[in-house]
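Going by this note's numbering, the sequence shown opens with residue 17, and the numbers climb by one from there.
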Amino acid sequence: CSIWPSSLLLSEFILSFPEIFSNKSCFEVGSGVGLVGICLAHVKASKVTLTDGDHLTLANMRSNLELNQLSTDTSLLESYEDPNVVQCVHLPWESASESGLSAFVPEIILGADILYDRSCFPDLVRILAILLNRRKSVSSSRKESSKGFTLDTKCNTNDLNDLTAVTSKGPVAYIATVIRNIDTFNYFLSL
């Protein structure tokens, strides 16, 4: 296990702008060692759900959370009742289903260093689409279709008000990555 550069960047972003994440339900895909989740708990996110597709990684993540005085749970019910519990969930992207993700209604979806294997991108995009559209389909005040979603690849704002406004309109995803191969990155953007 190791801490990847984008995980450090995303963690620094969380700690630098705690008002974006505090009192928000946050869901991380590909959580690895759990650093982002530790930072989310530190800034008082109302709910922190960390996921990974590897059982050994999940076990290591739980140990790291406990070393940082955070409780972990795999039960959906208890995690929703106690905001001080970080939920750790086994989520293999290739077998994740919409019904399996139905218990999660995050306001913020996060991912760090998850864009390295092109073969995983269709499953990752499918999961992001389900989570990003969840609140739209649940909300009765919205009339838009929840079948498609738009990736805004030009979100180049430095204005904190712009960043917090996005979450008031519906869920938002923050994906931090190191571009190791421009073709791989462009393939993700094309999906």
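Glycine residues also receive a C-beta, built at the ideal position from the N, C-alpha and C atoms.
Compare the Cα-Cα distances from His58 to each of Phe43, His106, Pro34, Val194 and report the closest residue. As a first step, residue 58 must be located in the sequence shown, where it is residue number 42. Selected option, being the one with the closest Cα: Pro34.
Among His71, Ile36, Ala145, the one whose alpha carbon lies nearest that of Ser113: Start at 1 with the first residue of the sequence shown, and residue 113 comes out as number 97. The shortest C-alpha separation from Ser113 is found at Ala145.
Just reading off the beta strand (DSSP E) that Gly53 is part of, what are its end residues? Locating residue 53 in the sequence shown gives position 37, counting from the first residue. Careful: Gly53 lies outside any beta strand (DSSP E), inside the alpha helix (DSSP H) at 51-58.
Taking only the alpha-carbon atoms, compute the straight-line gap between Ile30 and Cys55 and give it to the nearest angstrom. Counted from its first residue, the sequence shown places residue 30 at position 14. Counted from its first residue, the sequence shown places residue 55 at position 39. Between Ile30 and Cys55, the C-alpha separation is close to 7 Å.
Do Leu81 and Val52 have their C-beta atoms within less than 8 Å of each other? What you label residue 81 is simply residue 65 of the sequence shown in a count that begins at 1. What you label residue 52 is simply residue 36 of the sequence shown in a count that begins at 1. Cβ atoms of Leu81 and Val52: not closer than 8 Å.
Would Trp20 and Ala128 qualify as a contact pair, given that the criterion is a beta-carbon distance under 8 Å? Position 4 of the sequence shown, counted from the first residue, corresponds to residue 20. Position 112 of the sequence shown, counted from the first residue, corresponds to residue 128. A contact, by the Cβ cut-off of 8 Å.
With DSSP collapsed to three states, give me the class of Tyr132. Numbered from 1 along the sequence shown, position 116 holds the residue referred to as residue 132. Coil.
Does Asp168 come out as helix, strand or coil in the three-state DSSP assignment? By one-based count along the sequence shown, residue 168 stands at place 152. Because Asp168 carries a pLDDT of 44, less than 50, the predicted location of this residue cannot be relied on, and no value is offered for it.
Going by other Cβ atoms of all chains shown within 10 Å of its Cβ, with 16 needed for buried, is Arg78 buried or exposed? Within the sequence shown, the letter at position 62 stands for residue 78. By the 10 Å Cβ count, Arg78 comes out buried.
Buried or exposed: Arg196, going by 16 or more other Cβ atoms within 10 Å of its Cβ? For the purposes of this step, residue 196 is taken as the residue at position 180 of the sequence shown. Exposed, because fewer than 16 other Cβ atoms sit within 10 Å of the Cβ of Arg196.
My understanding is that Leu131 touches Thr67, with C-beta atoms under 8 Å, so please give their C-beta distance in whole angstroms. Along the sequence shown, read from residue 1 onward, the residue named residue 131 stands at position 115. Along the sequence shown, read from residue 1 onward, the residue named residue 67 stands at position 51. No, Leu131 and Thr67 are not in contact; Cβ-Cβ is about 16 Å, not under 8 Å.
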